[in-house]
Amino acid sequence: MLSETSIEQICQIADEEKPQLMVIDSIQVMHMADVQSSPGSVAQVRETAAYLTPLC
173 MLSETSIEQI
183 CQIADEEKPQ
193 LMVIDSIQVM
203 HMADVQSSPG
213 SVAQVRETAA
223 YLTPLC
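Under my numbering, think of the first position of the sequence shown as 173, with each following residue one higher.
Given below as structure tokens:
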């Protein structure tokens, strides 16, 4: 279990730990450093989802 809101940090840890399953609860609180808007904004949610999609 990980309590983190930075999607880059989450993906880095997942890459190191190689979990069999990863659940992101409350994507609206996730954020990306490159996106200049608040967590939960349309831009943040869209970019976070796009960042996660290749991992599926």
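For each residue, glycine too, the CB sits at the ideal point set by N, CA and C.
Quick one: Cα of residue i to Cα of residue j, how far?
i: Met194; j: Ile182; result: 10 Å
i: Glu219; j: Asp206; result: 9 Å
i: Leu227; j: Asp187; result: 10 Å
i: Gln200; j: Pro211; result: 6 Å
i: Ser178; j: Thr225; result: 16 Å
i: Val217; j: Glu180; result: 14 Å
i: Glu176; j: Ser198; result: 11 Å
i: Ser209; j: Tyr223; result: 16 Å
List the DSSP bridge partners of residue i.
i: Ser178; result: His203
Would you call residue i buried or exposed, if buried means 16 or more other Cβ atoms sit within 10 Å of its Cβ?
i: Met202; result: buried
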